[in-house]
Structures are given as C-alpha cells and as structure tokens.
Amino acid sequence: MSEPKKQEKDFTPEVDALIPEAKSLAEAGRLQEAVDKLLGLEKQTRNAADLAPTTRLLTTITNLCYSAKDYDALSANITLLSKKHGQLKESVKVMVEEAMSWLEPLKQEAGEPKWLQLVETLRGVTEGKIFLETPRARVTLLLAKYHEHLSQNATATSTPSAKDSLQTASDLLSDLQVETYSSMDRREKTEFLIEQMRLLVLVARVKDAERKAKQATPDKEAEGKELLVADGEAEWLKVRVGGRKVNEGFLTEPQNEVLRLTYYDLMIQFALHGATPSYLDAAKYYYKVWETPNVKEDVDGKGRQALEHIVYYVILAPHDNEQSDMLHKLAINPALSNLELHNNLVKCFTTRELMRWPGIESIYGPTLRATAVYGSGGDGAGDKRWEDLHTRVIEHNIRVISHYYTRITLPRLTSLLDLSQRETEDVLCRLVVDGTVHAKIDRPAGIVSFRGRRGAEDVMNEWATDVGKLMGLVEKTWMGMNAALAGRPRSS
0 MSEPKKQEKD FTPEVDALIP EAKSLAEAGR LQEAVDKLLG LEKQTRNAAD LAPTTRLLTT
60 ITNLCYSAKD YDALSANITL LSKKHGQLKE SVKVMVEEAM SWLEPLKQEA GEPKWLQLVE
120 TLRGVTEGKI FLETPRARVT LLLAKYHEHL SQNATATSTP SAKDSLQTAS DLLSDLQVET
180 YSSMDRREKT EFLIEQMRLL VLVARVKDAE RKAKQATPDK EAEGKELLVA DGEAEWLKVR
240 VGGRKVNEGF LTEPQNEVLR LTYYDLMIQF ALHGATPSYL DAAKYYYKVW ETPNVKEDVD
300 GKGRQALEHI VYYVILAPHD NEQSDMLHKL AINPALSNLE LHNNLVKCFT TRELMRWPGI
360 ESIYGPTLRA TAVYGSGGDG AGDKRWEDLH TRVIEHNIRV ISHYYTRITL PRLTSLLDLS
420 QRETEDVLCR LVVDGTVHAK IDRPAGIVSF RGRRGAEDVM NEWATDVGKL MGLVEKTWMG
480 MNAALAGRPR SS
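If you're matching positions, the sequence shown starts at 0 in numbering that gives the first Met the number 0 and goes up one per residue.
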C-alpha cells in the first residue's frame, strides 16, 4: 500500500465508458476478457491516485466474478488487486467489505468449501494491515464460529475431533488483540473479548474433563500416560487476563445488560473452577449480577436466585476482613429479609454465638442440599462445598470461643465443636497458621490457651492503663474523705 498522494488526473469519463462494456462481455461469457480490460484501466487510475474510479473498478471486477459464480476467479482477483504496487488503501477496504457481504449467500449457494476459500482469501488479504484490522476480526469471528459448529456436530470418528475444532476456534479468536484496535467501537470490542473468554472456558472444561477421566481410569497403561494430558489451567489463566481487559464500567450502561450478564457468568465459572475455588470472588460476581436493574426487579425470579447464590458463596469464603465486611453488609441488606431461611443463615455467621453443626444440618441441610450449589448434582462439587460449609462453621465457632475464653480444656473444646480431638487440633492449627486466631495447645495438661503473645509495648500500655485507673481511684477516695471531713461539725 502506498502513502496518499495528490490526484494527478480524473478518469471518471473513461471508467463510465468501460464499465458497461465490461459488463456486456461478462454477460456474454467472456469474463476474463472483461476483467483484463478493467485491469488495464485500473493500473492507470491507481498510478494517478484517482480514488473514486479506482474503487469503482475494484468493486466492478469482484462483482463480475461473483455474478458469474466464478469463485476461484473472485478469490484470485481479490488477492491480486490488494497486492498491486501503490494500491489505494480506501479502495481495498471498500472491496474487502463488499466481499464480506457475500459470505452468507455464497455459503448457501456454493457450499462450505467455496465459503472457506473466500474466508481464507479475505484473511490473507487483511493480515498485517492496520486499516483492515476490523474486517479481519469480523471474518475471523465467522471462521471461529464455523469451527465451533464443527465441534458441536463432531462424532467419535470425526476428523478433526471435537476438541481440536474447539481449540482451533479458540486460537483463532485469541490471536486477535482487539483491545488495541482504534477503528473498532467499544461495544464490538467488548463482544469480541467476551467471545474469546467464552471459547477459552469451553476449551478449559474439555481439557479438565479429559484429565479427570484419565486420572479416574484404572488401566495401568493409561495411568502411565496421565502426565501427557494437559489440564485447562492455561486457558483459565487466559480467561482471567481477558476478564481484566473488559471495562466493567462500560457494562453498567443500560444498553449493555446482556453483555454484563454474559461477562459475569464467565467470571463466576472462572472463580469456581479448580480444586481451590475463590468463593469470595464468586459472591462478588453474583452481587454484580444482582445489581443489574432487570435482575434486581425480578424479585421472585433471577433476583432471588442471584441473592441466594451471594449468600451461599460468601459464607463459604474463608474469613478475612473483606469477607467479613461483605457478610455484614449483606446482613443489613433489606432485600435479604424476603428470604427468611437465608437471612437467618447469614445472622448465624454474623452473631458471636456458637453454631452446633447437627443443628445447622437439620435446619438448613434439606434446603441447601437440594440446591445446585450444595447438592450432589449440578457441577459435581456439591459434596465438597458441603464439607467446606462444615469447615466454615467450625472456624466460626473457634473464633467465638477465642473471644469468650482465654483458656479452655481440650475435651470441652472438642465437645463444643462436635469434633474429635484430632480434628479439633487440625482445624485449630490451620487457623493459627492463617493468622485468624492466636492459640497454644498444652497437650500434657489438655489445655488450649487463646491468650495472644504480648510484646513489651503491650505490657507497658497495660501497666500505664492500670496505674491510671489506680490513681483515679486514689483521687476519688481522697476527694470523698475531704468531703466527709468538711461535713463534720467542729468540736469546741
């Protein structure tokens, strides 16, 4: 492509005269002769930097090939015209955009092979050209959807396999750095980024399922090959990177509600994947979903479902300042009062009182175990989340006990937690390592001390406080004695 230069001559009359003649030749079956005539004049208009006539000639050539259903000639001429020395950028852009408009009807008329041929031609023409980055992204999206469709309809003996087709679709879109495209509007960029994330999630789930199947196989020969099967962690990492490219502020605009819900659904899937899911992030994303106006207004439908999931995941999250803050804000949310069971469950975690697991299990168990989050169905992680909930109840109880007790016997602690001594020690040690509580276990004496280690500054502060209180009492006593003496009658 050449740099823009000043127009040297106007070829409009010559083009007006030649185009009807070329169309007549093409209709008579002499397509190549018509194209040759147009190419001869196209060279003159291109060298003279005459934009409008050059654009008309390029589109006329491709139109004649498409009308004649000579799709090989169409692809060849698109490639030829785009590579001409000094070709005008705007003319090529118009030609490519017009060719893109033929993709759908061409697929229906000539079938997928010719459609793929034109798609690959357009991708080749647009490769490496900044002024064609948006058309290239749109063509690539069509090709990615084609490969995804192949994966959905693939059988066990299909070539390529469903996994390979899905991987190809994901790779095609992931190669596009649409966030840097200046010619693409903000909404279309967001749509591309979300589509990239969606395909990455699909590939990651396929790889994770394949890895899990390999690990579960009892065949020794298959187990030897287990390390050769990659999981989808690389794809999940790309999902996280892609999620950071999306402007969440843009998603809050009313016209972007569908994009917002799709984006947070993908982020929820990312937060809950793997052996160590981020429950707090999942709760945050569900809160974003709940804040969507249409969802929030649907009190008995999507709004209720989103609010329930916020409760489920925020109580599953390990205790820290952020989790505690979100939990207490949720407890005073007026919308939660409409969900009596969930409201009471949140109050259990915000009140400094012991929760006996058998009672929690009997009151909330039937409802929670019937949900997709804690049930045995759903994504298959319900049993693990139920165990995690039991762990969170135990951790809450230990924090409550550490608040009211400075020392407690180990048998009494195990009875309050409804655990064995070994399980109590394991949980307590983990909380100490995490910095949640400070505790020491005296095993010979069977005593747990929750008194924290005090430094010299703490001791001095406590001493100064005690001395201050003592001096206050002395002063108060002295004033009382003086008042009593002053009230006595003097003896004569």
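All C-beta atoms, glycine included, are put in the ideal place defined by N, C-alpha and C.
Compute the Euclidean distance between the alpha carbons of Ser-90 and Leu-140, then round it to the nearest angstrom. One-based indexing of the sequence shown puts residue 90 at position 91. One-based indexing of the sequence shown puts residue 140 at position 141. Distance between the alpha carbons of Ser-90 and Leu-140: 23 Å.
Ser-448 by DSSP, collapsed to three states: which one? What you label residue 448 is simply residue 449 of the sequence shown in a count that begins at 1. In the three-state reduction of the DSSP assignment, Ser-448 falls in the strand class.
Mind checking Leu-469: buried by the 16 CB within 10 Å criterion, or exposed? The residue you call residue 469 lines up with position 470 of the sequence shown. Leu-469 should be labelled exposed.
What is the DSSP secondary structure of Ala-441, reduced to helix, strand or coil? Counted from its first residue, the sequence shown places residue 441 at position 442. The residue you asked about is not Ala; residue 441 is Asp in the sequence shown. Strand at Asp-441.
Three-state secondary structure (DSSP) of Arg-406: Stepping through the sequence shown from its first residue, residue 406 is reached at position 407. Three-state result, Arg-406: strand.
Among Leu-131, Tyr-145, Arg-135, Lys-82, which has the Cα closest to the Cα of Glu-111? Within the sequence shown, the letter at position 112 stands for residue 111. Of the candidates Leu-131, Tyr-145, Arg-135, Lys-82, the residue whose Cα lies closest to the Cα of Glu-111 is Tyr-145.
Taking the Cβ atom as the reference point for each residue, do Thr-408 and Gly-364 lie within a distance shorter than 7 Å? Numbered from its first residue, the sequence shown carries residue 408 at position 409. Numbered from its first residue, the sequence shown carries residue 364 at position 365. No, the Cβ-Cβ distance between Thr-408 and Gly-364 is not below 7 Å.
Going along the chain, which residues of its own chain have a beta-carbon closer than 7 Å to the beta-carbon of Asn-76, five neighbours each way excluded? Sequence index remark: in the sequence shown, residue 76 carries index 77 (1-based). Closer than 7 Å at the Cβ level, and outside the excluded window around Asn-76, lie Val-34, Ile-60, Thr-61, Cys-64.
Pick from Leu-338, Glu-97, Gly-471 that is closest to Leu-131, judged by C-alpha positions: Numbered from 1 along the sequence shown, position 132 holds the residue referred to as residue 131. Comparing Cα-Cα distances from Leu-131 to each of Leu-338, Glu-97, Gly-471, the minimum goes to Glu-97.
Would you call Ser-23 buried or exposed, if buried means 16 or more other Cβ atoms sit within 10 Å of its Cβ? As a first step, residue 23 is located in the sequence shown; it is residue number 24 there, counting from the start. The residue is exposed, with fewer than 16 neighbouring Cβ atoms inside 10 Å.
To the nearest angstrom, how far is it from the Cα of Ala-21 to the Cα of Lys-36? Taking the first residue of the sequence shown as 1, we reach residue 21 at position 22. Taking the first residue of the sequence shown as 1, we reach residue 36 at position 37. Going by the C-alpha atoms only, they are around 7 Å apart.
Give the single residue among Thr-435, Cys-347, Arg-411, Gln-420 whose Cα lies nearest to the Cα of Val-392. The residue you call residue 392 lines up with position 393 of the sequence shown. Closest by alpha carbon: Cys-347.
If you count every other CB in all the chains shown that lies within 10 Å of the CB of Val-466, and 16 or more means buried, which is it? In the sequence shown, residue 466 corresponds to position 467, counting from 1. Counting Cβ neighbours within 10 Å, Val-466 comes out exposed, since fewer than 16 surround it.
Asn-460 lies in the alpha helix (DSSP H); which residues open and close that run? For the purposes of this step, residue 460 is taken as the residue at position 461 of the sequence shown. Run containing Asn-460: 455-486, per the alpha helix (DSSP H) assignment.
With a Cβ-Cβ cutoff of 7 Å, do Leu-142 and Leu-175 count as a contact? As a working note, residue 142 is residue 143 in the sequence shown. As a working note, residue 175 is residue 176 in the sequence shown. No, the pair does not count as a contact, with Cβ atoms beyond the cut-off.
Going residue by residue through the region 14-97, where are the continuous beta strand (DSSP E) segments of at least 3 residues, counting only ones entirely within it? none
Close-in-space but distant-in-sequence residues of the same chain around Leu-260 (CB under 7 Å, 5 per side omitted): Taking the first residue of the sequence shown as 1, we reach residue 260 at position 261. Cβ neighbours of Leu-260 beyond the five flanking positions: Val-288, Thr-291.
Do Gln-6 and Ala-48 come within 7 Å of each other at the CB atom, strictly closer than that value? By one-based count along the sequence shown, residue 48 stands at place 49. By one-based count along the sequence shown, residue 6 stands at place 7. Cβ distance < 7 Å, so Ala-48 and Gln-6 count as in contact.
Please classify Arg-429 as buried or exposed, where buried requires at least 16 other C-beta atoms within 10 Å of its C-beta. Counted from its first residue, the sequence shown places residue 429 at position 430. Classification for Arg-429: exposed.
Pull up the distance between the alpha-carbon of Pro-488 and that of Gly-454, whole angstroms please. One-based indexing of the sequence shown puts residue 488 at position 489. One-based indexing of the sequence shown puts residue 454 at position 455. The alpha-carbon atoms of Pro-488 and Gly-454 are separated by roughly 54 Å.
Simplified DSSP state of Gly-302, which is helix, strand or coil: Locating residue 302 in the sequence shown gives position 303, where the first residue counts as 1. Shown here, Gly-302 sits in a helix according to DSSP, grouped into three states.
Kindly indicate which three-state DSSP category Ala-208 falls into: helix, strand or coil? Translated into positions along the sequence shown, residue 208 becomes position 209. Three-state result, Ala-208: helix.
Determine the burial state of Gln-420: buried for a count of at least 16 other Cβ atoms within 10 Å of its Cβ, exposed for fewer. In the sequence shown, the residue the question calls residue 420 occupies position 421. Taking all protein chains shown into account, Gln-420 has fewer than 16 neighbouring C-beta atoms within 10 Å of its C-beta and is therefore exposed.
Mind checking whether Leu-258 and Thr-189 have CB atoms under 7 Å apart? Position 259 of the sequence shown, counting from 1, holds the residue named residue 258. Position 190 of the sequence shown, counting from 1, holds the residue named residue 189. Yes; because the gap between Cβ atoms is below 7 Å, this pair is in contact.
Report buried or exposed for Glu-474, applying the criterion of at least 16 other Cβ atoms within 10 angstroms of its Cβ. In the sequence shown, counting from the first residue as 1, residue 474 sits at position 475. Classification for Glu-474: exposed.
Let's see if you can read the secondary structure: which residues bound the alpha helix (DSSP H) around Ser-164? The residue you call residue 164 lines up with position 165 of the sequence shown. In the DSSP assignment, Ser-164 falls within the alpha helix (DSSP H) that extends over 161-173.
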